[in-house]
Structure formats: structure tokens, C-alpha cells
């Protein structure tokens with residue numbers, strides 16, 4: 387459940403270009419996410435859940451609706467982050483993986499170089515190029531190194547008026563590359579796990595497909611609302627022929643509503659880099 391929440395929250399956009407916000411907050415709320423068991427799986431689950439969201443806005447370390455990240459350095463056009471991203475565990479209850487070991491949740495952690503290629507002030511708009519390079523760690527039974535992922539992406543952000551209120555909208559596309567270890571973790575079938583319907587398969591490093599994602603987001607001092615959708619395309623992926631890949635595309639959709647019930651009296655000025663136009 388924590389992994390699903392991190393996936394959904396990490397897709398949220400920032401709320402303003404520069405404003406004073408509490409140093410820390412605690413939000414309570416709920417959401418629903420429908421997500422495939424893994425990329426290429428023919429099975430998906432719908433998960434409603436309540437949650438508590440702690441937020442901290444330090445100078446170098448920040449934990450908020452976008453996830454956990456450290457700001458290593460930035461200018462008006464360039465920014466270097468250190469961020470964390472989560473993937474859900476995979477159970478052997480999945481039909482195509484019947485009899486195979488459960489897969490622990492994966493935590494991806496590492497730096498991301500960001501370049502603001504274009505901005506416009508009225509309405510606030512930007513085009514941003516991102517290059518995250520993250521180590522993938524399994525975190526179920528201890529912590530183990532699995533491999534690494536490189537996911538270059540381009541995104542367009544725009545402030546829009548909806549129901550007479552300002553919202554933040556974003557849409558982006560990304561390509562995925564995975565190490566041999568990471569691709570084997572999800573798509574390899576060892577000889578011991580092979581059956582008549584599930585032949586042995588050796589996964590290798592390389593291209594992992596593409597994604598298109600969009601989100602619509604609004605936040606004020608009292609609450610946060612976000613809608614999110616992601617389309618996954620595995621066509622051309624090096625593991626596309628794995629017997630564990632049942633379909634070449636899939637959808638993840640969800641929403642979050644959070645109310646901020648506790649807030650620090652201390653305020654800090656937060657410059658939301660994604661939405662700054664200078």
C-alpha cells in the first residue's frame with residue numbers, strides 16, 4: 387500500500403511558483419489507484435486507502451506530495467535533485483506468475499538532472515527535460531541491490547482555470563532503460579520456474595518501452611486534490627517476448643484528496659522551480 391501511495395503522490399505537480407508555506411504539515415485523506423500488477427501484466431488491482439501525509443520543507447531536504455527529494459543545486463534553468471520513487475510488490479497470486487516467488491517492492495533512489503527548456507508567464511507554462519538515473523533496491527526482506535534505471539522524459543506544464551479556480555496541469559512522455567538485473571527481476575523465467583505454458587526466458591539489459599502521463603492538481607492552504615493517469619507501452623522493449631508479458635500496454639489511474647489538519651506556525655518561502663518563468 388505504501389508503494390502504491392508513493393507512486394501516486396510522486397506524480398503530483400507543484401502548487402505555486404513562490405509562496406510562504408508552513409515549515410511542516412500533516413495531512414490526512416484518501417485516494418484510489420488502479421494499477422497493473424507490473425508493467426506488461428494482464429492483471430490489475432484497484433486499491434482504495436486512507437493515509438497520513440507528513441510534509442517537511444527544509445532547505446536541502448523536502449518531503450511533500452511529490453515524494454522525498456534533496457535539492458543538490460539549482461539555477462533558473464538547471465536543477466539537480468536527489469529523489470526516491472517506489473514500485474509495488476508483485477504476488478505469486480498473479481496467474482501468469484503462479485508458483486514463482488513473490489517480488490518485493492522496489493525503491494528507486496538517485497539523482498535527476500533537470501533543464502527548463504522553455505517558459506511563458508501568462509498563463510504560467512514550461513517545458514522541462516529530465517534525466518533521472520536511479521539505483522533499484524528491493525526492500526521486502528532486507529535491502530538488496532537489483533539494478534538501475536535511466537528514464538529520460540519531457541514534460542509540459544500549464545496553469546489552467548477550472549471551475550473559476552487555478553489548477554496545475556501537466557503532460558509528459560518518457561522512455562525507459564533498465565539494467566540486466568532490473569529487467570531480470572520482473573521478466574526472467576528460470577528453468578526451475580518453467581512450465582508448459584511458461585517457458586524459460588532470459589531477460590537482458592536495454593530499452594524498456596515508453597510512457598505517457600498526465601495529472602491535474604490543485605492545492606490551497608487547507609486541502610489538496612489531484613487526478614492522475616499513466617499509459618504504459620512496452621512495444622519494442624527488450625523483454626517484450628517474455629512469457630510474463632501478457633499485454634503490450636496498460637493504464638494506471640488514480641486520485642488523491644488530502645486535508646491539512648496540523649501546520650507549523652513557522653513559514654518558509656518555497657520557490658516551486660517547475661512553475662517559475664524567470
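Residue numbers (our numbering): 387 to 664.
Backbone N, C-alpha and C fix where the C-beta goes; we use that ideal spot for every residue, glycine too.
As the structure is a prediction and not an experimental result, all values here were calculated from the model.
The C-beta of residue 601 has 16 or more other C-beta atoms within 10 Å across all chains shown, which makes the residue buried. Taking C-alpha positions only, residue 463 is separated from residue 560 by approximately 20 Å. Our two residues, residue 587 and residue 621, have alpha carbons roughly 18 Å apart in a direct line. About 6 Å separates the Cβ atoms of residue 466 and residue 497, confirming a contact at the 8 Å cut-off. As a beta-bridge residue in DSSP terms, residue 505 pairs with 512. Between the beta-carbon of residue 485 and that of residue 633 there is about 21 Å, and that puts the pair past the 8 Å contact cut. By the neighbour-count criterion, in which 16 or more other beta carbons inside 10 Å mark a residue as buried, residue 563 falls on the buried side. Assigned with DSSP and collapsed to three states, residue 573 falls in helix.
A Cβ-Cβ contact shorter than 8 Å links residue 493 with residue 525.
The distance from the Cβ of residue 470 to that of residue 438 is about 18 Å, inconsistent with a contact at the 8 Å cut-off.
One thing to note: residue 652 has its Cβ within 8 Å of the Cβ of residue 409. Residue pairing by DSSP puts residue 638 in a beta bridge opposite 616. Here DSSP, grouped into helix, strand and coil, assigns residue 483 to helix. A buried status is given to residue 589, since no fewer than 16 other beta-carbon atoms sit within 10 Å of its beta-carbon.
Here residue 419 really is in contact with residue 640; their C-beta atoms are around 3 Å apart, less than 8 Å. Taking a cut-off of 8 Å on C-beta distances, the segment 532–543 touches the segment 506–522, as three or more cross pairs fall below it. With contacts defined as CB atoms closer than 8 Å, residue 654 and residue 609 fail to qualify as a contacting pair. Here the alpha carbon of residue 488 sits roughly 36 Å from the alpha carbon of residue 458. In the same chain as residue 625, and ignoring 5 residues on each side of it, the C-beta atoms closer than 6 Å to its own belong to 569, 573, 589, in chain order. If you look at residue 660, you'll find it isn't in any beta strand (DSSP E); DSSP assigns it neither H nor E. Selection 432, 502, 456, 513 evaluated against residue 474 yields 432 as nearest (Cα-Cα). If you ignore the 5 residues before and after residue 648, its C-beta comes within less than 6 Å of the C-beta of 412, all in its own chain and listed in chain order.
Per DSSP, the beta bridge partners of residue 545 are 554. When the Cα atoms are used, residue 547 and residue 553 turn out to be separated by approximately 6 Å. 8 Å or more divides the Cβ of residue 550 from the Cβ of residue 480. Non-local beta-carbon contacts of residue 416 in its own chain, meaning distances under 6 Å to residues more than five positions away in sequence, involve 436 in chain order. By the criterion of a C-beta distance shorter than 7 Å, residue 531 is surrounded in its chain by 521, 523, once the five residues flanking it on both sides are discounted.
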